[in-house]
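Residue numbers (my numbering), protein chains in the order written: chain A, 17 to 590; chain B, 163 to 273.
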Amino acid sequence: MIAQGNKGNAPAHIETDVLVIGAGGAGMYAALEAARAGAAVVLADRSLIGRGGATVMAQMTVAAALSEQTPDHWEHHLADTLAAGRGLCDERLAALLCEDGPHRLREMDGWKVGWAREDGHIKQAQAPGHDRPRCAYVDFLSTGPAVSRTLRAQLNLASGIRRIGELVIVDVALRDGVACGATALHLPTGEAITLAAKAIVIATGGLTGLYRRNSASSNMGGDGYALALRAGAELVDMEFVQFFPIGHLAPRLVGMDPIMWDPFRYKLGGKLLNAEMREFEQDYATRDTRSDGRYVLTRDLATYAITKEVEAGRGSPAGGAYLSFRHLSEAEIRDAFGPVVDRLAANGIDLTRRAIEVAPIAHYHMGGVRVDETLRTAVPGLYACGEAIGGANGANRLSGNAITEALVFGARAGRNAARHALKNSPLWSPRAAYSTLDLLRGAKRRDAPNPAALVRDLKALMADEVGPFRTEQKLQSALEAIARLKTDIGETPFWSATAFDPVLVDWLDLRNMLLVAQSVAVPALARIESRGAHQREDYPGLDEAWCVNQIVALSPGNELTLRRAAPSSGRAAA
Amino acid sequence: MKATLAIQRGAPGEPARVESFEVTFEPGQSVLDGLRALRCEADPSLAFRFSCINANACKECMMLIDGKVDYACTVRLKEGVTALAPLPKKILIRDLVTEIAPPDERLLPRP
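Below, the structure written as structure tokens:
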């Protein structure tokens with residue numbers, strides 16, 4: 017235990033070349049590439065390895081210009097990515113994503129991920145916002161689990177990678193402003209440990225766990241953003257949180273990812289209906305110049321359409337829209353859904369008889385840690401990749417780009433971190449962990465407030481006041497509430513003096529989540545226009561003057577600072 | 163509707179104790195929904211594993227539910243008593259948490 021044995025004693029210590037934080041798709045790929053480059057790697061995750069994060073949850077598609085289904089070039093993919101990003105993409109990162117994507121998908125193919133095939137080629141579907149069929153997948157909602165499983169199998173084959181699950185990284189350790197390791201909480205024992213590393217890769221995914229309804233794993237409260245900020249790195253585009261328009265709402269569906277409906281809607285022409293049982297998407301389609309007229313709206317507009325229908329009193333009983341497949345026969349549904357039909361039946365859902373209800377759900381974060389084209393942050397030795405970085409997707413992400421960026425940026429960050437590690441000497445000093453060890457050792461038993469309830473309250477607050485549709489009043493009120501919650505948790509951790517202590521974990525999460533919530537609300541309040549996933553009801557419409565990125569940092573006095581910069585253009589060398 | 167969760171709690175070396183909690187639920191909600199609500203409303207120190215919440219993707223929430231090994235995220239809450247206990251053949255860490263990580267993915271080799 018923290019307060020027992022270890023007070024004053026040196027904590028357990030591990031040394032490595034590269035520390036990768038987070039074992040989702042990006043982190044696993046980073047670990048593989050860093051090891052391939054000759055570095056010793058520790059791959060740490062607060063969950064079990066390969067079980068947490070977003071990748072394993074992804075049921076959808078992976079976009080890359082493979083030219084399997086139809087002739088394609090990565091420049092076309094880039095054009096679509098930049099258009100969806102509404103002028104805010106970091107073109108260097110977007111180009112890297114699109115150019116490297118096919119290499120990573122082919123490598124995964126060689127590792128037998130099992131991309132769906134047809135007539136001897138990889139099948140590619142056309143998702144909204146793409147100019148042609150570009151999205152590979154693994155059949156029957158298995159893309160993410162298959163990607164995850166494949167990378168885990170490669171981890172097992174690789175040498176030089178030590179995997180450690182159940183390890184919560186509390187802070188990145190610094191020496192003279194250079195990242196030199198980390199301090200962590202080992203959940204099963206409740207003990208603090210320290211890790212020395214010559215390079216660190218943040219691969220902790222996004223922040224959708226800050227919202228009441230989300231499609232993420234429980235560990236996605238934005239840890240990595242807080243780690244990066246406190247280490248001195250910058251965040252970019254934090255106001256852009258993507259809401260997935262048709263997350264499952266009712267009836268209660270267990271054992272399935274709430275975003276499962278999209279591919280079926282796509283394949284089968286599922287109809288989105290309001291309470292009057294009328295299709296309403298076309299009413300909003302004219303607002304989107306890139307609408308393909310078929311599967312009409314991109315995610316931001318579909319989210320807008322459903323929210324506006326609900327506000328106009330035309331929502332479904334649970335407060336969303338109906339999604340109906342009733343125009344199809346039982347055989348057509350069975351053919352398309354395969355074994356998923358049985359899983360739905362176990363939830364009492366028969367699509368031939370009734371429409372289900374869907375509503376927008378927090379799904380992905382466009383913003384994140386600001387990195388250059390080598391995936392390095394402003395802090396020497398500190399890298400980031402995957403959903404945890406910002407820039408590649410600007411104000412709105414194309415469907416299919418999330419797994420691609422996990423693989424591409426993961427690989428790049430791992431390789432570059434390894435190169436950095438192999439040409440630098442270790443900088444670790446036990447002193448670099450003192451402040452975090454003191455924080456953990458100061459933990460006190462407290463009966464109130466209940467940190468689990470505070471986490472719940474914060475999620476409700478973010479959904480209600482920093483959701484897809486924002487106003488100055490709501491954002492101000494959110495910032496005040498966040499400040500109150502900060503006072504409630506104080507600066508001394510709560511704990512219950514046990515191993516695997518969820519009270520301490522909640523407190524550490526709140527420490528991160530409140531900082532990250534603020535990092536979303538502050539730029540959202542400043543951006544007085546509507547663009548992509550950031551919609552201000554008091555400032556509707558895009559304002560060309562706001563074609564800038566907002567950058568968040570933490571001042572030496574622990575205040576959030578905000579500045580603006582023009583989006584980076586120009587290409588990275590491949 | 164109300165469900166009673168009778169939960170076996172404690173750490174290794176302590177005598178196991180059963181604590182009962184009542185949770186309000188809507189039909190269709192899972193045992194995991196109940197456990198999460200219980201932490202917010204009654205006892206935040208209750209330990210159980212979960213990651214994906216809903217999707218039965220992470221397989222972390224495996225426990226003994228009414229004597230049967232099952233996932234808390236897929237078993238529904240019911241009226242009356244549901245007994246929850248840690249997996250019997252795994253090393254107990256605390257409450258409903260057992261050591262289920264593969265040995266080479268742990269920090270410390272445990273006996």
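Here a beta-carbon is modelled for each residue, glycine too, at the ideal position from N, C-alpha and C.
Neighbour-count burial assignment, residue i, 16 or more Cβ in a 10 Å radius
i	result
A:V521	buried
A:V532	buried
A:Q75	buried
B:D266	exposed
A:S512	buried
A:H202	buried
A:I218	buried
A:T577	exposed
A:H89	exposed
A:S571	exposed
A:G238	buried
A:Y450	exposed
A:Q534	buried
A:G309	Caution is warranted here: a pLDDT of 44 is assigned to A:G309, below 50, making its placement in the model unreliable, and the coordinate value is therefore given only provisionally. That one is exposed.
B:M163	exposed
A:V29	Position check: residue 29 of chain A holds His in this sequence, whereas Val was assumed. Per the 10 Å Cβ criterion, exposed.
A:A347	exposed
A:R579	exposed
A:N574	exposed
A:E91	exposed
A:E481	buried
Cβ-Cβ separation, residue j to residue i (assumed contact under 8 Å), whole Å
i	j	result
A:D215	A:G38	Note that residue 215 of chain A is Ala in the sequence shown, not Asp. Between A:G38 and A:A215 the Cβ distance is about 15 Å, and since that is not below 8 Å, they are no contact.
B:A165	B:E241	6 Å
A:V58	A:R191	Not a contact, Cβ separation roughly 18 Å.
A:L211	A:L438	The Cβ separation is near 18 Å, so there is no contact.
A:A56	A:G176	5 Å
A:V184	A:R62	4 Å
A:Y241	A:L269	Their Cβ separation, rounded to whole angstroms, is 30 Å, which puts A:Y241 and A:L269 out of contact at 8 Å.
B:L200	B:V180	That belief does not hold up - the Cβ atoms of B:L200 and B:V180 are roughly 14 Å apart, past 8 Å.
A:I180	A:A60	5 Å
A:G416	A:A162	So it is not a contact: roughly 15 Å between Cβ atoms.
Residue j beta carbon less than 9 Å from that of residue i
i	j	result
A:V194	A:A208	no
B:L269	A:T205	yes
A:V424	A:R120	yes
A:D273	A:L109	no
B:P206	A:P467	yes
A:F291	A:S233	Checking the displayed sequence, the identity of residue 291 of chain A turns out to be Ala instead of Phe. Not in contact: A:A291 and A:S233 (Cβ atoms no closer than 9 Å).
B:Q170	B:A247	yes
A:P376	A:P261	yes
A:G383	A:V257	yes
A:A301	A:A378	no
B:D257	A:F516	yes
A:G2	A:G548	Residue 2 of chain A cannot be examined here, being either before or after the span of chain A that is shown, 17 to 590.
B:L197	B:F210	yes
A:A433	A:Y399	yes
A:T32	A:A213	yes
B:C235	B:L208	no
A:V72	B:A219	yes
A:N363	A:G271	yes
A:P442	A:A26	no
A:V395	A:A581	no
Of all the beta strand (DSSP E) runs that stay within the bounds of the stretch 229 to 285 of chain A, which reach a length of 3 or more residues? Counting whole runs of 3 or more residues, the stretch 229 to 285 of chain A contains the beta strand (DSSP E) stretches 257 to 266.
Would you check if there are 3 or more beta carbon pairs closer than 8 Å linking the stretch 341 to 360 of chain A to the stretch 38 to 52 of chain A? Output reads no: the stretch 38 to 52 of chain A does not touch the stretch 341 to 360 of chain A.
Is the stretch 92 to 103 of chain A touching the stretch 165 to 174 of chain A in the sense that three or more CB pairs, one from each, lie closer than 8 Å? With the rule of 3 Cβ pairs closer than 8 Å, the stretch 165 to 174 of chain A does not count as touching the stretch 92 to 103 of chain A.
Counting Cβ pairs, one atom from each stretch, are 3 or more of them under 8 Å apart for the stretch 563 to 577 of chain A and the stretch 495 to 502 of chain A? Between the stretch 563 to 577 of chain A and the stretch 495 to 502 of chain A, the count of C-beta pairs closer than 8 Å stays below three; the two stretches do not touch.
Stretch-stretch touch, CB-based, cutoff 8 Å, three pairs: the stretch 422 to 432 of chain A with the stretch 45 to 59 of chain A: The stretch 422 to 432 of chain A vs the stretch 45 to 59 of chain A: in contact.
Is the stretch 475 to 489 of chain A touching the stretch 220 to 235 of chain A, taking contact as three or more C-beta pairs under 8 Å? Two segments are said to touch when three or more pairs of C-beta atoms, one from each, lie closer than 8 Å; by this definition the stretch 475 to 489 of chain A touches the stretch 220 to 235 of chain A.
Contiguous beta strand (DSSP E) assignments of at least 3 residues, all confined to the stretch 309 to 379 of chain A: Restricting attention to beta strand (DSSP E) runs no shorter than 3 residues, the stretch 309 to 379 of chain A encloses them at 337 to 340, ordered along the chain.
For the stretch 195 to 205 of chain B against the stretch 551 to 559 of chain A, do three or more pairs of beta-carbon atoms, one drawn from each stretch, fall closer than 8 Å, so that the two count as touching? Because the criterion of three Cβ pairs below 8 Å is not met, the stretch 195 to 205 of chain B and the stretch 551 to 559 of chain A do not touch.
Per the contact definition of three or more C-beta pairs closer than 8 Å, is the stretch 363 to 374 of chain A in contact with the stretch 253 to 269 of chain A? Three or more Cβ pairs drawn from the stretch 253 to 269 of chain A and the stretch 363 to 374 of chain A lie within less than 8 Å of each other, which places the two stretches in contact.
Can at least three beta-carbon pairs, one atom from the stretch 478 to 493 of chain A and one from the stretch 314 to 327 of chain A, be found at a separation below 8 Å? In the pairwise beta carbon analysis, the stretch 478 to 493 of chain A is classified as touching the stretch 314 to 327 of chain A: at least three pairs are separated by under 8 Å.
How about the stretch 137 to 152 of chain A and the stretch 63 to 83 of chain A: do they share at least three Cβ pairs that are nearer than 8 Å? Touching, yes, given that three or more Cβ pairs across the two stretches are closer than 8 Å.
Is there contact here, the stretch 398 to 408 of chain A with the stretch 245 to 253 of chain A, by at least three beta-carbon pairs under 8 Å? At 8 Å Cβ cutoff, the stretches touch.
Under 8 Å, with one C-beta from each stretch per pair, do the stretch 281 to 291 of chain A and the stretch 337 to 349 of chain A reach the 3-pair mark? Yes: the two stretches touch, three or more of their Cβ pairs being nearer than 8 Å.
Unbroken beta strand (DSSP E) runs of length 3 or more, entirely within the stretch 174 to 235 of chain A: which are they? The stretch 174 to 235 of chain A contains these whole beta strand (DSSP E) runs: 177 to 180, 183 to 191, 194 to 202 and 207 to 218.
Scan the stretch 58 to 114 of chain A and note each continuous alpha helix (DSSP H) run of 4 residues or more that stays entirely inside, going in chain order. Within the stretch 58 to 114 of chain A, the complete alpha helix (DSSP H) runs of at least 4 residues are 90 to 100.
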